[in-house]
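Peer 1: Per the numbering used here, the sequence shown starts with residue 5, numbered consecutively.
Ideal Cβ placement from N, Cα and C applies to all residues, glycine included.
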Amino acid sequence: MKFSKFHLVYYSFYLRSLRLDEIESFPEEIDLEFLQEYWLLSRKRELPALPDLESFKESLLGSSDRHLITIFDENYPKSFLDLERPPLVFFAKGNLDLLHKDSISIVGSRKLRDSVEEWAELHLFNFFQNYKPVVVSGAAFGVDKLAHKMALRCACSTIAILPCGFENLYPKSFSKIAEQILDSGGLLISEYLPHEEIRKHYFHERNRLIAALSKLLFVMQAQRRSGSLVTANIARLMNREIVSLPGDPMDCHFWGSNDLIADGAGFVRDRDDLVNFYFLCNPGTKKQTDLFL
Numbered sequence: 005m006k007f008s009k010f011h012l013v014y015y016s017f018y019l020r021s022l023r024l025d026e027i028e029s030f031p032e033e034i035d036l037e038f039l040q041e042y043w044l045l046s047r048k049r050e051l052p053a054l055p056d057l058e059s060f061k062e063s064l065l066g067s068s069d070r071h072l073i074t075i076f077d078e079n080y081p082k083s084f085l086d087l088e089r090p091p092l093v094f095f096a097k098g099n100l101d102l103l104h105k106d107s108i109s110i111v112g113s114r115k116l117r118d119s120v121e122e123w124a125e126l127h128l129f130n131f132f133q134n135y136k137p138v139v140v141s142g143a144a145f146g147v148d149k150l151a152h153k154m155a156l157r158c159a160c161s162t163i164a165i166l167p168c169g170f171e172n173l174y175p176k177s178f179s180k181i182a183e184q185i186l187d188s189g190g191l192l193i194s195e196y197l198p199h200e201e202i203r204k205h206y207f208h209e210r211n212r213l214i215a216a217l218s219k220l221l222f223v224m225q226a227q228r229r230s231g232s233l234v235t236a237n238i239a240r241l242m243n244r245e246i247v248s249l250p251g252d253p254m255d256c257h258f259w260g261s262n263d264l265i266a267d268g269a270g271f272v273r274d275r276d277d278l279v280n281f282y283f284l285c286n287p288g289t290k291k292q293t294d295l296f297l
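As structure tokens, then:
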């Protein structure tokens, strides 16, 4: 039996433990029997049987604006291949061209401090307004929400990488922003089946894609032992540029950010620092006229 991308999607949950070197060792063309035999030999257990393929296809691609991208497709972002375990398949809604454009990934705490929000209104807003970067974030409360909404205000394209399926958005309040992202020419990405609900470890899986997609990761605010630091550690393993906004050393909500800077992350004081790091990481991006006053 030939192996289709729909088989790959169905088995993707089981195949997430495949390393890139394993995938590269596969022959150019594989069939289902090969995969089942490989799984039995390497993992000592059998893959589950497939459901009815036609109904499975319909449940996956029932929406005409939903795309299914596999690791073998031309649209698959090369940046994901820097991951030890790149996604074998993922779903996308919106402008697929954004997967291949220069971008900045922005992460941070869900408990946004007033000082960070004030800094963003002055410096991040003007960076977005002048240079129109593609903004990547994780569709969470706090810094993520700020990044997506500010990108929309400044007419920047934005990519939201979700920790859930498209039909079960988390948080549910993100639904309105998701619609605005799509209406403005942005993109939603999910590794999960459309009706799949959030699970705790999906946040970390989502974080690795945020770290991989951009050459520059901006940690705006982070506590120690936070998901933002997990994202930064993944980015460091892929030799991504990591920059951070310093904060009050007496406030534990900034200790992770300050630790990153102490460990060698770029120090972002203002909009100009962020601009310099962005063009250092994306030298092919044309610098636009600066309107900042």
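Can you check whether the CB of V223 is closer than 7 Å to the CB of S194?
Peer 2: no
Peer 1: Please list the terminal residues of the continuous beta strand (DSSP E) segment that includes T289.
Peer 2: Taken as a continuous stretch (DSSP letters only), T289 belongs to no beta strand (DSSP E), as it is neither H nor E.
Peer 1: List the endpoints of the continuous alpha helix (DSSP H) containing I265.
Peer 2: 259-266
Peer 1: Within 10 angstroms of the Cβ of C256, are there 16 or more other Cβ atoms? Answer buried if so, exposed if not.
Peer 2: By the C-beta density criterion, C256 is exposed, having fewer than 16 other C-beta atoms within 10 angstroms.
Peer 1: Just reading off the beta strand (DSSP E) that G98 is part of, what are its end residues?
Peer 2: 93-98
Peer 1: Can you give me the Cβ contacts of V138 inside the same chain, cut-off strictly under 6 Å, excluding the 5 residues immediately before and after it?
Peer 2: L102, K105, S107, S161
Peer 1: Does chain C have any CB closer than 7 Å to the CB of Y15?
Peer 2: In the structure shown, chain C cannot be found, because there is only a single protein chain.
Peer 1: Report the three-state DSSP secondary structure of I202 (helix, strand or coil).
Peer 2: coil
Peer 1: Please return the same chain residues whose Cβ sits closer than 8 Å to the Cβ of K153, not counting the five positions on each side in sequence.
Peer 2: Listed in chain order, the non-local C-beta contacts of K153 below 8 Å within the same chain comprise I181, local neighbours out to five positions each way being set aside.
Peer 1: If I follow the unbroken beta strand (DSSP E) through S141, where does it start and stop?
Peer 2: 138-141
Peer 1: Assign S21 to one of three DSSP states: helix, strand, or coil.
Peer 2: Looking at S21 - three-state DSSP - the assignment turns out to be coil, as it is neither helix nor strand.
Peer 1: Here's a check: name, in chain order, each residue in its chain whose Cβ is nearer than 7 Å to the Cβ of D86, leaving out the five neighbours to either side.
Peer 2: A216, M242
Peer 1: Leaving out the 5 sequence neighbours to the left and right, which residues in its chain are closer than 6 Å to Q133 when beta-carbon positions are compared?
Peer 2: C158
Peer 1: Figure out for me which residue from A266, Y282, Q225, E88 has the closest Cα to the Cα of V120.
Peer 2: Q225
Peer 1: Please check the pair R117 and R20, which I expect to be a contact at CB under 8 Å, by giving their CB distance rounded to whole angstroms.
Peer 2: Not quite, the Cβ-Cβ distance comes to about 35 Å (not below 8 Å), so this is no contact.
Peer 1: Would you kindly check if the distance between the Cβ of P167 and the Cβ of I110 is under 7 Å?
Peer 2: Going by beta carbons, I110 and P167 fall outside the 7 Å limit.
Peer 1: Restricting to runs no shorter than 3 residues, where is the beta strand (DSSP E) found entirely within the region 222-263?
Peer 2: 245-248
Peer 1: Could you tell me the distance, in whole angstroms, from the CA atom of G189 to the CA atom of L156?
Peer 2: Their backbone Cα atoms lie some 10 Å apart in a straight line.
Peer 1: Relative to the alpha-carbon of A96, which residue among D267, E58, L278, T74 has its alpha-carbon at the smallest distance?
Peer 2: T74
Peer 1: What separation, rounded to the nearest whole angstrom, lies between the Cα atoms of R114 and L44?
Peer 2: The straight-line gap from Cα to Cα measures roughly 42 Å.
Peer 1: Could you pull the start and end residues of the beta strand (DSSP E) that A164 belongs to?
Peer 2: 162-166
Peer 1: Would you mind reading off the limits of the alpha helix (DSSP H) that contains L36?
Peer 2: 36-47
Peer 1: With a Cβ-Cβ cutoff of 7 Å, do G260 and L278 count as a contact?
Peer 2: no
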